[in-house]
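Worksheet for the structure shown next.
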Amino acid sequence: MEQYSEKVMDHFSNPRNVGTIENPDGVGHVGNPMCGDVMELQIKVKDNIIVDAKFRTFGCGAAIATSSMATELVIGKSIDDAQKITNKVVAEALDGLPPVKMHCSNLAEEALEAAIKDYHSKQKK
Amino acid sequence: MEQYSEKVMDHFSNPRNVGTIENPDGVGHVGNPMCGDVMELQIKVKDNIIVDAKFRTFGCGAAIATSSMATELVIGKSIDDAQKITNKVVAEALDGLPPVKMHCSNLAEEALEAAIKDYHSKQKK
Amino acid sequence: MKTIYLDHAATTATDPQVIDAMLPYFHENFGNPSSIYSLSRSTRNAIENAREILANAIGANPKEIVFTSGGSESDNFAIKGIAQALKDKGNHIITSQIEHHAVLYTCKYLEKNGYNVTYLPVDNNGIVKLEKLEKAIRPDTILITIMHANNEIGSIQPIRQIGEIAKKHGTKFHTDAVQTFGHIPVNVNDLNVDLLSVSGHKFYGPKGIGALYIRKGTKLTPLIHGGDQERRRRASTENVPGIVGFGKAVELALGIMEDEAIRQTGMRDNFIQTLLEKIPDSQLNGHPVNRLPNNINISFEGIEGESILLNLDMYGIAASTGSACSSSSLEPSHVLLSIGLTHEFAHGSVRFSLGKHTSQGELDQVAEVLPGIIQKLRAMSPRYNK
Amino acid sequence: MKTIYLDHAATTATDPQVIDAMLPYFHENFGNPSSIYSLSRSTRNAIENAREILANAIGANPKEIVFTSGGSESDNFAIKGIAQALKDKGNHIITSQIEHHAVLYTCKYLEKNGYNVTYLPVDNNGIVKLEKLEKAIRPDTILITIMHANNEIGSIQPIRQIGEIAKKHGTKFHTDAVQTFGHIPVNVNDLNVDLLSVSGHKFYGPKGIGALYIRKGTKLTPLIHGGDQERRRRASTENVPGIVGFGKAVELALGIMEDEAIRQTGMRDNFIQTLLEKIPDSQLNGHPVNRLPNNINISFEGIEGESILLNLDMYGIAASTGSACSSSSLEPSHVLLSIGLTHEFAHGSVRFSLGKHTSQGELDQVAEVLPGIIQKLRAMSPRYNK
Ligand SMILES: Cc1ncc(COP(=O)(O)O)c(C=O)c1O
Ligand SMILES: Cc1ncc(COP(=O)(O)O)c(C=O)c1O
Chain A
1 MEQYSEKVMD HFSNPRNVGT IENPDGVGHV GNPMCGDVME LQIKVKDNII VDAKFRTFGC
61 GAAIATSSMA TELVIGKSID DAQKITNKVV AEALDGLPPV KMHCSNLAEE ALEAAIKDYH
121 SKQKK
Chain B
1001 MEQYSEKVMD HFSNPRNVGT IENPDGVGHV GNPMCGDVME LQIKVKDNII VDAKFRTFGC
1061 GAAIATSSMA TELVIGKSID DAQKITNKVV AEALDGLPPV KMHCSNLAEE ALEAAIKDYH
1121 SKQKK
Chain C
2001 MKTIYLDHAA TTATDPQVID AMLPYFHENF GNPSSIYSLS RSTRNAIENA REILANAIGA
2061 NPKEIVFTSG GSESDNFAIK GIAQALKDKG NHIITSQIEH HAVLYTCKYL EKNGYNVTYL
2121 PVDNNGIVKL EKLEKAIRPD TILITIMHAN NEIGSIQPIR QIGEIAKKHG TKFHTDAVQT
2181 FGHIPVNVND LNVDLLSVSG HKFYGPKGIG ALYIRKGTKL TPLIHGGDQE RRRRASTENV
2241 PGIVGFGKAV ELALGIMEDE AIRQTGMRDN FIQTLLEKIP DSQLNGHPVN RLPNNINISF
2301 EGIEGESILL NLDMYGIAAS TGSACSSSSL EPSHVLLSIG LTHEFAHGSV RFSLGKHTSQ
2361 GELDQVAEVL PGIIQKLRAM SPRYNK
Chain D
3001 MKTIYLDHAA TTATDPQVID AMLPYFHENF GNPSSIYSLS RSTRNAIENA REILANAIGA
3061 NPKEIVFTSG GSESDNFAIK GIAQALKDKG NHIITSQIEH HAVLYTCKYL EKNGYNVTYL
3121 PVDNNGIVKL EKLEKAIRPD TILITIMHAN NEIGSIQPIR QIGEIAKKHG TKFHTDAVQT
3181 FGHIPVNVND LNVDLLSVSG HKFYGPKGIG ALYIRKGTKL TPLIHGGDQE RRRRASTENV
3241 PGIVGFGKAV ELALGIMEDE AIRQTGMRDN FIQTLLEKIP DSQLNGHPVN RLPNNINISF
3301 EGIEGESILL NLDMYGIAAS TGSACSSSSL EPSHVLLSIG LTHEFAHGSV RFSLGKHTSQ
3361 GELDQVAEVL PGIIQKLRAM SPRYNK
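Chains as they are written, first to last, in our numbering: chain A, 1 to 125; chain B, 1001 to 1125; chain C, 2001 to 2386; chain D, 3001 to 3386.
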């Protein structure tokens, strides 16, 4: 396999924002243990701004690193801006991923999407 | 290819009885340039004893060595005894031949046979 | 930081004595073994000497040995070679679900080309069931290929008995002995095999060299056609240094095999016990007793193997998750699924494989750091909530 | 007695600089390149570095290079791989009568398995005729495989033009460049080839390592199935030292190629002229100008090649009759018969192939002793009566 970048290794070995949030405003739970990747993303939103985000991930180095990076990217962003964060954005923020691991960055995008969707649906109630 | 024995190399590099005999009593000419092996054996016979033998050979190391050895083996032998010299006898006298070269010893046996046959046919005249 | 290398099943460092044996055959004795001049005598003799060493080691005749470029080529050669040579006799092949990819994907390839393949299931310990095997044999079965020991979980198959069954039914029998040869006894007559694959770099020999044992009278179509080398069964200018190194490695391996098997088995069982005790929700994969002396394969609930490996690597510990060559694959190991593990558990497995330089101290260090790694990863896993 | 080695077309001694480059990859940097831990980074990088060196040398992309165990495997892989991958498109292959056995016997094997093969004749200089080639192409032609230069008589084929014809007809084109790469310029785009075989030991690299260039977009079925190595095109743990040595050898060969080609061509032509003048009833085989800089192939009427070689060997001179690997065969060279020699003349040929250490003084010594050897053998030949 190709090498992970230093940034990936940094986020893998010192993942940011691991854990859960009490009373989260949105939760995304995506992936599938069949494929070896499961990610749970919780967000706290205030005035349409994501003020906190926490994750838990079952997966490989790339899955954990993208999860960590995704939380860093969303914190402080408005919901609208957060929605613009694609898998490519996350991978680039990590200085790229080995080709066979690119699919892992989908996990973060999907989890984010799911968390925002959950947030919107909760707002409507 | 397997190695030639020392005896083969000795007979190859210092072949005995190379050449032709003036007025030979029997001549055997066998082989085929297609296969890369041609041998000519001439014998001189006195009182049913082969008193001289000379050869010329177009062929590989094994062909030349077996030719040389065959002449050594027949000189001094009676025609009857000479006829008992098979390809196996020649090969053994050379301490064996590599398997892929065993066919070369046939050449000597065939040439000897042909020379004796020629001798007999000349006697009948 | 000194590496603690626990991935000997993936590859081993070439022994310095092996390198020394090879060195004269690169530059001084470089003659093409097929050539006729005296310069080539030493290379020719060196090859035949190595062939004899291997033949003696496995109870074969030197003429029954063909050198190849490694275990994968040997496996491909054996299976495709029989398939092609016996295609008029039948087109059915029996193998197991837990073979190395060199066997499995060769069988899949043959399936696409008109052959039928039965992939025998294995029990929870990774052992082929003999009754199932015998039932699978058909009149058109031309080959049974079952590995001697599995590279991931270390389970050792009842090869001798499988060979007896094969013999009874007149079917050719191949075994992939890449993981066993040099580590536990391998004798082609005791094992009743017609074909047997080995690979040099698994027992401190060089990479890129292997061999296939082909029992006398076994018709086999070459995989590599061309020149007359290897009695016309494998063309190509011989890798003389590789072959010489292979021979030396066999010699060295046999010299220490018995002692090492005992030593490693002791360390192995001790290490397994320690880990299972220290780390909750973990389990041993593979047969508890009939397993390679150097193989430890453990699954940890709720976390994924690669992330364990990366963490171990930060401590200078080299291990693997299943077969090294599939580490770029996303699928969990087919071997672990075949012994009944869930996908999740299969994803969370780590293999430690010991070697002749592995010390108890190294294993103690691993046992020291591993629980913390598992705990850290479980803390960030949504699949582990205990 | 110092050997005068004039059989560089059979094999070359591994350059000491190549050995030095390889050495760290046996024991220190031994990690399996497929593994994930840091230990394997250096081996992985070393392989990719070698791949890049070769790619740059032939004008390819590194992704288009697959390392193999030698020229024979590359040829088998290319030809069987295309035959298998394109079997739904057609089953006709075009080659020449003077290919190396690695190509020829692979084609014969395919003929037994439902493929049709056209073996193009060559002219008296050993050159394929382009019109005949173009006429032989059929709608079901899936592959043309013509060697770059012949290993016995050194004739260089018009590969660029053949490639143009292949392109025009949408047919894949493979060339065996085992004898040319490292000796004369080889660029896959200039040559218009889709596949190209090379072998390390022909240019002072190690034995047992080669490569196949596979143009992007060329579908090719693997010859060795198994692990994910070489982008899934060639399974087996990589022969890391071999690959590193290959890369180093490419580097060294390119550095001296131009100068050596000029130097050897000069010595070659001079040597040919001397021998033909000194020895009556002798003739040069192969193209007088479009030939490998290092190849001299001469037939001597009335005598047989092996007996010449054995005599030369007594003087410490190493040469060959045609291809080294067929020296255990009884048939005269198929190449020499194809260029119109009689069986007898074909049996009486000797090949001298020069190398980077060959000196004019060595050739002078050969020119000194050879006439006597020829004379001695002719004196005992019943086929030479002049
Ligand atoms: C033209 C040609 N092709 C293929 C080969 C085979 O190469 P190898 O012996 O490395 O397999 C050789 C040399 O033996 C050769 O000269
Ligand atoms: C059981 C088994 N078979 C075959 C192979 C392939 O051997 P190689 O990598 O030498 O081709 C391996 C190791 O990779 C193996 O463990």
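All C-beta atoms, glycine included, are put in the ideal place defined by N, C-alpha and C.
This one's a predicted model, so the numbers in the text were calculated from it and none came from an experiment.
Is it the case that the CB of asparagine 3151 (chain D) approaches a heavy atom of ligand 1 more closely than 7 Å?
At least one heavy atom of ligand 1 falls within 7 Å of the beta-carbon of asparagine 3151 (chain D).
Per DSSP, cross-strand counterpart(s) of histidine 2225 (chain C)
According to DSSP, which records beta bridges pairwise, histidine 2225 (chain C) is partnered with nothing at all.
Are the beta-carbon atoms of isoleucine 1941 (chain C) and leucine 2130 (chain C) separated by less than 8 Å?
A query on residue 1941 (chain C) cannot be resolved here, the shown segment of chain C reaching from 2001 to 2386 and no further.
CA-to-CA distance, aspartate 52 (chain A) to histidine 11 (chain A), given in whole angstroms:
C-alpha of histidine 11 (chain A) to C-alpha of aspartate 52 (chain A): approximately 18 Å in a straight line.
Hey, serine 2197 (chain C) and leucine 2212 (chain C) are a contact pair by Cβ (cut 8 Å); roughly how many whole angstroms apart?
Yes, serine 2197 (chain C) and leucine 2212 (chain C) are in contact; Cβ-Cβ is about 6 Å, under 8 Å.
Should valine 2392 (chain C) be listed as close to ligand 2, given that the test is whether its C-beta is under 7 Å from any heavy atom?
No information on residue 2392 (chain C) is available, as it lies outside the stretch 2001 to 2386 that chain C covers here.
Leucine 2120 (chain C) beta carbon less than 8 Å from that of serine 2096 (chain C):
For serine 2096 (chain C) and leucine 2120 (chain C), yes; Cβs fall inside 8 Å.
Counting along the chain, where does the alpha helix (DSSP H) carrying arginine 56 (chain A) start and finish?
First-last for arginine 56 (chain A): 49–58, but that is the beta strand (DSSP E), not the alpha helix (DSSP H).
Let me confirm a value: valine 3122 (chain D) is counted as buried when at least 16 other C-beta atoms fall within 10 Å, else exposed. Which label applies?
So valine 3122 (chain D) counts as buried.
What are the residues of the segment 42–74 of chain A that lie near chain E, defined by any Cβ-Cβ distance shorter than 7 Å?
Within the model displayed, chain E is absent; protein chains A, B, C and D are what it includes.
Whether or not the segment 2256–2275 of chain C and the segment 2313–2321 of chain C are in contact is what I'm after, with contact meaning three or more pairs of Cβ atoms, one per stretch, closer than 8 Å; do they touch?
Taking 8 Å as the limit for Cβ pairs, the verdict is that the segment 2256–2275 of chain C does not touch the segment 2313–2321 of chain C.
Rounded C-alpha distance that separates glycine 2059 (chain C) from asparagine 2187 (chain C)
The straight-line gap from Cα to Cα measures roughly 5 Å.
Per DSSP, the bridge partner or partners of glycine 3348 (chain D)
Assignment of beta-bridge partners to glycine 3348 (chain D) by DSSP yields no partner.
Close Cβ partners of phenylalanine 2352 (chain C) (< 6 Å) along its chain, the five nearest in sequence each way excluded
Closer than 6 Å at Cβ, skipping near neighbours: Leu2006, Ile2296, Ala2319.
Beta strand (DSSP E) segments (min. 3 residues) lying fully within the segment 2149–2186 of chain C
Qualifying beta strand (DSSP E) stretches, in chain order: 2172–2176.
In or out: aspartate 1095 (chain B) buried (at least 16 other Cβ within 10 Å) or exposed?
Burial call: exposed.
Closer than 8 Å to chain A by CB, histidine 2347 (chain C):
True, the Cβ-Cβ gap to chain A drops below 8 Å.
Over what stretch of residues does the alpha helix (DSSP H) that includes aspartate 2007 (chain C) continue unbroken?
Neither: aspartate 2007 (chain C) is in no alpha helix (DSSP H) and is coded neither H nor E.
What does a CB cutoff of less than 7 Å around serine 105 (chain A) pick up in its chain, not counting 5 residues either side in sequence?
The residues are Thr66, Asn87, Val90, Ala91, Leu97.
Identity of the residue in C:Thr2141, C:Pro2016, C:Gly2070 nearest arginine 2234 (chain C) by Cα:
Of the listed residues, the one whose Cα sits closest to arginine 2234 (chain C) is C:Gly2070.
Compare the C-beta of histidine 3343 (chain D) with all C-beta atoms of chain B and state if any pair is closer than 8 Å.
So yes, histidine 3343 (chain D) belongs to the interface.
Between the segment 2299–2313 of chain C and the segment 2341–2358 of chain C, do at least 3 Cβ pairs fall closer than 8 Å?
Pairwise C-beta distances place the segment 2299–2313 of chain C in contact with the segment 2341–2358 of chain C, as three or more of them are shorter than 8 Å.
One or two residues paired with aspartate 2194 (chain C) in a DSSP bridge
Partner residues in a beta bridge of aspartate 2194 (chain C), as assigned by DSSP, do not exist.
Does the distance from the CB of threonine 3118 (chain D) to the CB of alanine 3102 (chain D) come in under 8 Å?
Result no, Cβ atoms of threonine 3118 (chain D) and alanine 3102 (chain D) do not sit closer than 8 Å.
For alanine 3379 (chain D), is the classification buried or exposed, using 16 other Cβ atoms within 10 angstroms of its Cβ as the cut-off for buried?
When all chains shown are included, alanine 3379 (chain D) counts as exposed.
Can you check whether the CB of leucine 3195 (chain D) is closer than 8 Å to the CB of threonine 3218 (chain D)?
Their beta carbons are under 8 Å apart, which means threonine 3218 (chain D) touches leucine 3195 (chain D) by this criterion.
Stretch-stretch touch, CB-based, cutoff 8 Å, three pairs: the segment 3044–3057 of chain D with the segment 3140–3153 of chain D:
These segments do not touch.
Using a Cβ-Cβ cutoff of less than 7 Å, which residues in the same chain neighbour histidine 3008 (chain D) once the five nearest sequence positions on both sides are dropped?
A distance below 7 Å between beta-carbons, with the five flanking residues on each side excluded, links histidine 3008 (chain D) to the following residues of its chain, in chain order: Asn3294, Ser3353, Leu3354, Gly3355.
Roughly how many angstroms lie between the CA atoms of lysine 1124 (chain B) and aspartate 1118 (chain B), to the nearest whole one?
If I take the Cα positions, the gap works out to 10 Å.
Return the residues of the segment 2258–2283 of chain C that lie within a Cβ-Cβ distance of less than 7 Å from chain A, sorted by chain order.
So the list is empty, because no residue satisfies the distance condition.
Quick one: give me the first and last residue of the beta strand (DSSP E) that tyrosine 2119 (chain C) is part of.
Taken as a continuous stretch (DSSP letters only), the beta strand (DSSP E) holding tyrosine 2119 (chain C) covers 2116–2120.
Separation of aspartate 2075 (chain C) from glycine 2200 (chain C), as counted between CA atoms
Glycine 2200 (chain C) and aspartate 2075 (chain C): Cα-Cα distance of roughly 14 Å.
Out of C:Ile2047, C:Ile2065, C:Pro2280, which one is the CA nearest neighbour of glycine 2372 (chain C)?
With distances taken between Cα atoms, glycine 2372 (chain C) lies closest to C:Pro2280.
Collapsed DSSP secondary structure at cysteine 3325 (chain D) in the structure displayed:
Per-residue confidence for cysteine 3325 (chain D) stands at a pLDDT of 36, beneath the threshold of 50, marking its modelled position as unreliable; no derived number is given.
Please name the residues in the segment 2279–2312 of chain C whose beta-carbon is closer than 9 Å to at least one beta-carbon of chain A, in chain order.
Answer set for the segment 2279–2312 of chain C: Gly2302, Ile2303, Glu2304, Gly2305, Glu2306, Ser2307, Leu2309, Leu2310, Asn2311.
Residues in its own chain within less than 7 Å of isoleucine 133 (chain A) by CB, not counting five upstream and five downstream?
There is no way to answer for residue 133 (chain A), as the model of chain A reaches only from 1 to 125.
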